[in-house]
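At position 162 of the sequence shown the residue is numbered 164 (my numbering), and the sequence of numbers has no breaks. Cβ coordinates follow ideal geometry from the N, Cα and C atoms, glycine included.
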Amino acid sequence: MNLDEIYQHIWSSIRVGASPTRSPFTMWQLATLGLDGSPQIRSIVLRGADENARLLSFHADRRSAKIKEIEADPRVSMVSLDLENYAQLRVSGVAVLSQEQTDIQRLWTEAKPHTLILYQAPLAPATAIDSPEQGQVQQASETSGFENFALIQIRVSKIEYLDITPGNHQRALFSYVGGRWAEQWIAP
Ligand SMILES: Cc1cc2nc3c(=O)[nH]c(=O)nc-3n(C[C@H](O)[C@H](O)[C@H](O)COP(=O)(O)O)c2cc1C
């Protein structure tokens, strides 16, 4: 593949990752800057990918630490891996909490019940509890959980592709500068 083909391949892999079917790029690790400046990382499920808008999106609990971190400093990095194909994608950009109420409401309506139940948890994520039972969501919850449901969008400014297929290592950098994507091979 040439650089243009790799760029297309990246976005098509990301789109599949964001679709409801499970694929190598469904799960990502998202890094933020902790409030004390230390790196923070966690797994997230990719929920949306819009190449033209350069947006990736995921759902999160509004009460979680990552939201406060993004509000304090919106710079984020993400990484994901296709182990079968020796391929890694690293992305960096700026995250925002979507204010598009219509989109958020639609995603909420479309989400699976086992996803939604997480947002009904009465205790904020990371609250200290005496036993796991204390953290379970009661079946007949009073709240829908919608008030805790957030859509985070990441405006991507850099994508790095690495393929370490034996005998054919390739690494390429795509940077969004001056309104266009610049492409560059870099040493693996
Ligand atoms: C399989 C799996 C999928 C997950 N998906 C998400 C997700 O889409 N969004 C999210 O906020 N947390 C998700 N989590 C939980 C996060 O990894 C993390 O533990 C949690 O959000 C708290 O992170 P924080 O304290 O840094 O905000 C997932 C965890 C696992 C194991």
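Supposed contact pair residue j and residue i - C-beta distance, whole angstroms, cut 8 angstroms
i	j	result
residue 110	residue 151	6 angstroms
residue 74	residue 68	Rounded, the Cβ-Cβ distance is 11 angstroms, inconsistent with contact.
C-beta atoms of residue i and residue j nearer than 9 angstroms
i	j	result
residue 96	residue 81	no
residue 35	residue 157	no
residue 159	residue 177	yes
residue 46	residue 98	no
residue 189	residue 173	yes
residue 48	residue 19	yes
residue 119	residue 139	yes
residue 17	residue 53	yes
residue 43	residue 51	no
residue 105	residue 15	no
Paired residues, beta bridge with residue i - DSSP
i	result
residue 140	Paired residues: none, contrary to the question.
residue 84	89
residue 176	161 and 185
residue 156	58 and 97
residue 45	31
residue 51	58
residue 77	96
residue 148	Answer is none; residue 148 lacks a bridge partner.
residue 63	151
Residue i: CB within 8 angstroms of a non-hydrogen atom of ligand 2
i	result
residue 114	Annotation note on ligand 2: not contained in the displayed structure, which lists ligand 1 as its ligands.
For the segment 28-35 and the segment 121-133, state whether three or more C-beta atom pairs, one from each stretch, are separated by less than 8 angstroms. no
Examine the Cβ distances between the segment 81-95 and the segment 164-177 and report whether three or more of them are shorter than 8 angstroms. Yes: the two stretches touch, three or more of their Cβ pairs being nearer than 8 angstroms.
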